[in-house]
Structure formats: structure tokens, C-alpha cells
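Heads up: the structure comes next, in C-alpha cells.
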Amino acid sequence: MADTLADTETLTGPAPTAAPDFAGYSCPLPLRDHPRVVMGHGGGGALSAELVAHLFAPAFGNPLLNGLADSTVVELGGARLAFSTDSYVVRPLFFPGGSIGDLAVNGTVNDLAMSGARPAYLSCGFILEEGVETAVVARVADAIGAAARTAGVQIATGDTKVVEAGHGDGIYLNTAGIGLVPAGVDIRPQRAAPGDVVIVSGEIGLHGVAIMSVREGLEFGVEIESDCAALGGLVDTMLAVTPDLHVLRDPTRGGLGAALNEIASAAGVGVEIRERAVPVPAAVANACAVLGLDPMYVANEGKLVAFVPREHADAVLAAMRSHPLGARAAVIGECVPDHPGMVVARTALGGTRVVDLPMGEQLPRIC
Amino acid sequence: MKYLEEFQNPELARGLLADIRATVTRPWALMEVCGGQTHTIIRHGIDQLLPDEVELIHGPGCPVCVTPLEVIDKALEIAARPGVIFCSFGDMLRVPGTDRDLFRVRGEGGDVRVVYSPLDALRIAEQNPQREVVFFGIGFETTAPPNAMAVHQARKRGIRNFSMLVSHVRVPPAIDAIMNSPDCRVQGFLAAGHVCSVMGTGEYPELAERHRVPIVVTGFEPLDILEGIRLTVRQLERGEHTVENAYARAVRPEGNPAARDMLEDVFEVADRAWRGIGVIPASGWRLSERYRDHDAEYRFDVHSIATCEPARCRSGEVLQGLIKPHQCEAFGADCTPRTPLGATMVSSEGACAAYYLYRRLGTPAAPREASPVG
Chain A
3 MADTLADTET LTGPAPTAAP DFAGYSCPLP LRDHPRVVMG HGGGGALSAE
53 LVAHLFAPAF GNPLLNGLAD STVVELGGAR LAFSTDSYVV RPLFFPGGSI
103 GDLAVNGTVN DLAMSGARPA YLSCGFILEE GVETAVVARV ADAIGAAART
153 AGVQIATGDT KVVEAGHGDG IYLNTAGIGL VPAGVDIRPQ RAAPGDVVIV
203 SGEIGLHGVA IMSVREGLEF GVEIESDCAA LGGLVDTMLA VTPDLHVLRD
253 PTRGGLGAAL NEIASAAGVG VEIRERAVPV PAAVANACAV LGLDPMYVAN
303 EGKLVAFVPR EHADAVLAAM RSHPLGARAA VIGECVPDHP GMVVARTALG
353 GTRVVDLPMG EQLPRIC
Chain B
7 MKYLEEFQNP ELARGLLADI RATVTRPWAL MEVCGGQTHT IIRHGIDQLL
57 PDEVELIHGP GCPVCVTPLE VIDKALEIAA RPGVIFCSFG DMLRVPGTDR
107 DLFRVRGEGG DVRVVYSPLD ALRIAEQNPQ REVVFFGIGF ETTAPPNAMA
157 VHQARKRGIR NFSMLVSHVR VPPAIDAIMN SPDCRVQGFL AAGHVCSVMG
207 TGEYPELAER HRVPIVVTGF EPLDILEGIR LTVRQLERGE HTVENAYARA
257 VRPEGNPAAR DMLEDVFEVA DRAWRGIGVI PASGWRLSER YRDHDAEYRF
307 DVHSIATCEP ARCRSGEVLQ GLIKPHQCEA FGADCTPRTP LGATMVSSEG
357 ACAAYYLYRR LGTPAAPREA SPVG
């Protein structure tokens, strides 16, 4: 024990004890009880899940919401319809590889496609901030129109509201969509089963890094473009091989890590992935290394992860690779009966780690 | 990226592991000092690949975790004031003070911004001359030079509305304090490579000699960590205790003289409280007298804020390797990664969080919380 510790004058803290008190070591704890909404409630992680489970689900109280899928399949007049809605508050409005308009169409189209539905009609609501240039609104509207045509959907209804200057971020969008689910198709997270092969449709992390590169003014030396795209065509190609796909999910907020956790949790199965098999572009890996982020938790807007019965896996993978949006599809792991509800990654060195559900927003680490 | 993939090569890793296995003959307890190293170890599962004889104790080298509650409360108080733009590195926003965190201050209307460099905060100050811009300057010797540069530039360019709330800590006094702790089990250190890239290695021979403990300057990629462990174990097996540099591609013996000059100019050594550990003499930096105009503690007069830290968990004992995480009564019950009581459960870098996750692999899974819709 150092004698000097006992009589040192303190400048910043409480009176010194005889020696550093490791036994009393306690450290910052994230607050659990939030009287007010914090950003993490929208981050797609554990805080978002809590908000849904403890606030929205009890208030809405109906079994349709328990499905926890990207879209809900409802029966109406003998038809099976997938139904979904999403709001878009991205900043900046235009980014490498797309815009808020592309996101608003593709995001909702993809949510429908993840139920195996053929997306058909979208609604589109604009919340405009007073003072935003009409030319900017026009650019966004054009992007919406073009994206809808590419995705093969029509904007069937819409709405416009204007809020006072300072009460919005230029343009917020909301879209909702419906699509028909073909007979014999039953795709939802609960159907993941041990033995399923886990396939990702391409390189992960592009959208999140593209947004960060412009939002934070970071230069990586390489322009990284968002992967924003409508996945309906790719899903059609996969369904042509077999209608018996078990799960589809587009790993947006929270990335591949959150998507796999949600599936493992919904189906009560374990997921094992081989880290080296996950396609991460060098530019994304480098940006994440600099920022202290994990590509597994970075957002995608044009990728899907599929749980496919083993007997169909090779054919589905081949079909995906024949489609432009699945050219770099890869088997990344499998569904297992062990450790239900957990996602485990085998690292390149041969160790394992648990890929946990992120808490809220991913924050760059200091060191 | 150059120097990233090359230092994750599985074949080379197997070679280093085989060498460690061939060298080790009895149990050794090593401490990696830096949180970044802990992150790599857990992220790549390195601890699972080592022979049983090599135990890694995760040191208090996470700047977020060791920043004292009092400083967090001062930050919250300043950030909540009207007219202030409070800038911080991202991962400080989630760290709770006595009754809230920076996220919540922002939720309540405070202007709290995440920046990637203190110079970004300086730019914000230039662009908003009518506002007070405060940067939260925390961290080890690694983040200190850019923070010093920001204050230096502010003074030189007369950016009067820029100030910094400083709570810097230094590694060597912490190593000394750990070795002086009566129950210390640490037999060798992996020193923090990036700290040494700034400060050099000159501070360590005296520590190695006095405590008869090997200190190996170690980098952050998997191969760096394994090489650091290999050299430390080799020294221990030979009964040596010298300072070795296993991170020569980044660390020169003299460090970075320009950065050290900048530190010398802007900061002065001060006693610092480490969260949960207590005050360690001469273990930190504060702004020196002539930069007081840019010292947020003086500008906002938050000296009177004093806090009392609750001792609610046993992570201090975990840090010294005195108990294993699951031997703590709160482990897995009151204390989980979602509801952490202490530093070591807060992030994937902490020993308790890692232990919690891996132990769950061998036990029935705890019930999971519901997932979000859509």
C-alpha cells in the first residue's frame, strides 16, 4: 500500500481512502426508467422493444401485433393481405445511393416482401416543415415516383401536412402498403427451425455507413453508396424455387445482428453464424474500425436474411445469385436447437462470441 | 485497410497460440489495461483459445467507465443550461449521472451533440459565436493530445465561447495503484499501445522494476494481443520483468514528441478520482492555469457539485480477479447487460457482460424481452 495515498489533497473527488477501493468499484449504468423518450427508443434495439412491449402492445391489445414480423398478414374477403407501415426521418434527405423518397418506397415494399407478399399499393404521407424549398419536395416526390415504378407498386393515396419552421427536419415521410400473399406461402419469424440454413442476400452495412459518411462529415477516401433497393423481385425469384421459405427479414435498423436476434427470440431457436462467411465490404469494415462500430449492427436498406429448409438451400442460393440484388448472396450459418433465443458467432480465430441485441443507438466508442 | 486484415490472420494466430501453449508451465494472471484490448479479446473469443494456465484480468482502462460520477453530474448540469451547445464523444451520452444521462438532457431540450473530434466542437463554436460551446474532454493519454490541441487553438484564435470540461486520466499511476493494492493478483501487464504511441515507453521501466512485473506494450488487433500475451508469458516463465514493445509499428520509445509538448503546454498533472476506485494521486490532467479561460469548470462554476458514489456491486473484486463474475450475488439476477449494476456489466468489453453471455451458452436461456414490431 502506498503511504502517499493517505494524505494527498484531492482536487477533483471525494476524500481519498487509504488505497484505491476496488471493492467499491461501480460504474455507469444505463438508465432503465425513462420518463421521457430518448433517441434509443427509435434505435431498433432493446429500448425500442421495451417501448413496444410495455407501452404500445398493451394499449392496442390485439393478437395481430404479436407476430413481430416486418408486416402483418391479415385475411380480408378471402384474400391474404400483408399490411405494413413505416415512417422516415432520415437526415440528410439525399445521400450517396438514394434519398428519403427511395427509402420510403423501398422500406415499406421490403416489409411486405418479407411476408412473401407481392407489394401492390402504397400510401404516402408528407410532413413538411415550413420554409422547405418546393424544389426539394419535388425532388423527393420524383424519387418516390421512380422508386414506385421500379418496385412495381402504385401510390394509391396520400396526405400532406405542414408544421411550423423549427418543428420538423425539412421533410418527414410515412408510407403504408398492402400486397397479396400467394397461396401456400407462410413466411414469419416463428417458423425458423433447427436445420434451416441462414442466407444473407449480399454485403452488409452499406446504408448505415453511407448515411454516417455524409451526416458526420467523415471522409473515408472511398465513396460508399447506400444499398437502398426494393426486394420484391428477389423474393419472387426465391419463391419460384420453393414456396416453403421459413423466414425472411430485411435487416434495417439494428442491422443483421438485431434481425437474427429477433428471429431467434420469436422462434425459440438458436442461430450460429460463421463470422468470416458474412459479406462485409472492405470500405464498411474500415469505416467501422475507425468509428468503433460493429458491421453486424449497421443498417441495410436493400438486403434480406433468409431461413431456408436445408433441402432447398442450394437451389434458393443459386436462384438468389442469378438476381442482380442477390449476386453476392452467401450462406452465413444455420439454425440450431441449442441456446434458444441466442445468436452465436464463430470468430475467424475459432473462438465464439454472442451477438446480442443492441441496446439502442449504436454509439461510436471513444477507444 | 492496411494493418487491419493482416493482423487478424487465423493461421498466424494458431502459430502464436501454439507457442504460448508450448511456453507455459504453470498458471499466470495477466491484465490487459485498455478497454479496447478487452473489446478485441471478447470480440474474437481470444480468451477461449488460450491455455487454461493463462488468465486474463480485464483492467480499468475504459475511459467511459472510470470517469467519476461527479464529473458526469457537472457535464449534465452544464449541458442542461440554456444557450449551451454541449459536445461529446458518442459513448458518453448513455452514461448515467446521479439522476439522468446526456440522452435525457437532450430529450428535455438540451443541445447535446455527438462529435468525432474536439476540433469539430471548436468549429461549432466558431459558427455559433453567440452560444457557449463546451466539449467533454475525457479519456486516457490517447484522447488528450487532440483535446489539448482544441484548447490551444481556441486560445490562439481567440475563440472565447469555447471551453472544455476536462477529466483526463493516465495509465502509469493506475498500474502503480493496482500493484499496490494488497490483494493484487496481477503478474504481468499488457500495456495500452495507443497510450504509449503518444507517451512513449519511458514511464514503465521503473514500474516494472519496482513491482517486479513484466510490462509488454501491446496493440489492439488479435495478433497484437496474442503476441503481447506470448512475450509476457515468456518473461514470467523465465523469471524476468522488463518492458518490451510488441507494438513497434506504432510505438517509438520516445512516443510522439509533438503531442507530448502540446500536453505539457495545455495540461498539468492532477490527482483524479476514478469512478468506484477512488482518488489516485497524480493520475490525471487538468487544464493548466494559463488556459483557465477555457476551463468549463470555472466558466460555469460547477465546483460545488459533489456526489457520493454508491457501492452497489463487486466489480472491483472482479477487476482484480479476486472473484469470478458469477460469484457475485447480483450476477445474472439484479445485474445483467440490460440492467447493469457496475462497469464490468455495461458493455461487451466488461468481464461480467462477457461472462454472462458465455455462461448462458451452457445454461437454459433466460427469457428474452419482446422484439419490436416492424
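Just so you know, the sequences run in chain order A and B. Under my numbering, the first residue of the first sequence carries the number 3, and numbering increases by one thereafter. Under my numbering, the first residue of the second sequence carries the number 7, and numbering increases by one thereafter. Glycine included, C-beta positions come from ideal geometry on N, C-alpha and C.
According to DSSP, residues forming a beta bridge with residue i
| i | result |
| --- | --- |
| residue 75(A) | 84(A) |
| residue 384(B) | There is simply no residue 384(B) to check, as chain B begins at 7 and stops at 380 in what is shown. |
| residue 170(B) | 141(B), 301(B) |
| residue 153(A) | Answer is none; residue 153(A) lacks a bridge partner. |
| residue 89(A) | 176(A) |
| residue 163(A) | 129(A) |
| residue 93(B) | 119(B), 141(B) |
| residue 400(B) | Given that chain B is displayed from residue 7 to residue 380, the structure contains no residue 400(B) and the question cannot be resolved. |
| residue 286(B) | 278(B) |
| residue 251(A) | 307(A) |
| residue 337(B) | 341(B) |
| residue 276(A) | 348(A) |
| residue 379(A) | The structure shown does not extend to residue 379(A), since chain A spans only 3 to 369, so no value can be given for it. |
| residue 224(B) | 198(B) |
| residue 332(A) | 202(A) |
| residue 146(B) | Answer by DSSP bridge pairing: none, since residue 146(B) is not bridged. |
Anticipated Cβ contact below 8 Å, residue i with residue j, distance rounded
| i | j | result |
| --- | --- | --- |
| residue 40(B) | residue 198(B) | 4 Å |
| residue 356(A) | residue 298(A) | With a Cβ gap of about 11 Å, residue 356(A) and residue 298(A) do not count as contacting. |
| residue 109(A) | residue 90(A) | 7 Å |
| residue 183(A) | residue 83(A) | 7 Å |
| residue 201(B) | residue 219(B) | About 17 Å; that fails the 8 Å criterion. |
| residue 293(B) | residue 272(B) | 7 Å |
| residue 50(B) | residue 228(B) | 5 Å |
| residue 170(B) | residue 267(B) | About 19 Å; that fails the 8 Å criterion. |
| residue 226(A) | residue 98(A) | 7 Å |
| residue 331(A) | residue 203(A) | 5 Å |
| residue 172(A) | residue 134(A) | 5 Å |
| residue 50(A) | residue 43(A) | 6 Å |
| residue 139(B) | residue 190(B) | The pair is not a contact, with the Cβ atoms about 42 Å apart (cut-off 8 Å). |
| residue 176(A) | residue 74(A) | With a Cβ gap of about 17 Å, residue 176(A) and residue 74(A) do not count as contacting. |
| residue 214(B) | residue 248(B) | 6 Å |
Contact set between residue i and chain A, taken where Cβ atoms lie within less than 8 Å
| i | result |
| --- | --- |
| residue 48(B) | 355 |
| residue 10(B) | 287, 288, 291 |
Neighbouring residues, chain A, relative to residue i (Cβ below 7 Å)
| i | result |
| --- | --- |
| residue 55(B) | 351, 352, 353 |
| residue 52(B) | 351, 353 |
| residue 228(B) | 351 |
Identify each residue in the region 100-124 of chain B for which the Cβ-Cβ distance to at least one residue of chain A is less than 8 Å, and report them in chain order.
Answer set for the region 100-124 of chain B: 100, 101, 102, 106, 107, 109, 110, 112, 113, 114, 120, 122.
May I ask you to list, following chain order, the residues of the region 37-59 of chain A that have a beta carbon less than 9 Å from some beta carbon of chain B?
Across the region 37-59 of chain A, CB contacts with chain B closer than 9 Å involve 37, 38, 39, 40, 41, 42, 46, 47, 48, 50, 51, 52, 53, 54, 55, 56, 58, 59, in sequence order along the chain.
Touching by the beta-carbon criterion (3+ pairs, under 8 Å), the region 195-215 of chain B and the region 29-45 of chain B
These segments touch.
Output, in sequence order along the chain, the residues in the region 8-39 of chain B whose CB is closer than 9 Å to any CB in chain A.
Among the residues of the region 8-39 of chain B, those with a Cβ less than 9 Å away from any Cβ of chain A are 10, 11, 14, 15, 16, 19, 20, 23, in the order of the chain.
So does the region 248-268 of chain A actually touch the region 297-312 of chain A, counting three or more Cβ pairs closer than 8 Å?
Between the region 248-268 of chain A and the region 297-312 of chain A, the count of Cβ pairs shorter than 8 Å is three or higher; the stretches touch.
Within the chosen definition, does the region 218-228 of chain B reach the region 276-296 of chain B through at least 3 CB pairs nearer than 8 Å?
Contact fails: fewer than three Cβ-Cβ distances are below 8 Å.
Three Cβ pairs or more, each shorter than 8 Å: is that satisfied between the region 228-243 of chain A and the region 325-344 of chain A?
Taking one beta carbon from each stretch, the region 228-243 of chain A and the region 325-344 of chain A have 3 or more pairs nearer than 8 Å; the two touch.
I'd like to know if the region 28-36 of chain B and the region 143-160 of chain B are in contact, where contact means that at least 3 CB-CB pairs between them fall below 8 Å.
Taking 8 Å as the limit for Cβ pairs, the verdict is that the region 143-160 of chain B does not touch the region 28-36 of chain B.
Using 8 Å as the threshold, is the region 128-144 of chain A in touch with the region 265-272 of chain A, meaning 3 or more CB pairs across them?
Taking one beta carbon from each stretch, the region 128-144 of chain A and the region 265-272 of chain A have fewer than 3 pairs nearer than 8 Å; the two do not touch.
So does the region 334-343 of chain B actually touch the region 41-54 of chain B, counting three or more Cβ pairs closer than 8 Å?
Counting Cβ pairs under 8 Å, fewer than three are found: no touch.
Counting pairs of beta carbons, one from the region 199-216 of chain A and one from the region 281-300 of chain A, are three or more of them closer than 8 Å?
Enough Cβ pairs lie closer than 8 Å, so yes.
Across the region 248-258 of chain A and the region 100-119 of chain A, are there enough close Cβ pairs to call them in contact, namely three or more that are closer than 8 Å?
Contact between the region 248-258 of chain A and the region 100-119 of chain A is present, because at least three Cβ pairs lie under 8 Å.
I want to know whether the region 188-200 of chain A touches the region 153-173 of chain A - three or more CB-CB distances under 8 Å.
Segments in contact, no.
Are at least three pairs of beta-carbons, each pair with one atom in the region 336-356 of chain A and one in the region 16-29 of chain B, less than 8 Å apart?
Contact holds: three or more Cβ-Cβ distances are below 8 Å.
Check whether the region 79-89 of chain B and the region 297-311 of chain B touch, using three or more Cβ-Cβ pairs below 8 Å as the test.
Using a Cβ-Cβ distance cut-off of 8 Å, the region 79-89 of chain B and the region 297-311 of chain B are in contact, since at least three pairs of beta carbons, one from each stretch, lie closer than that value.
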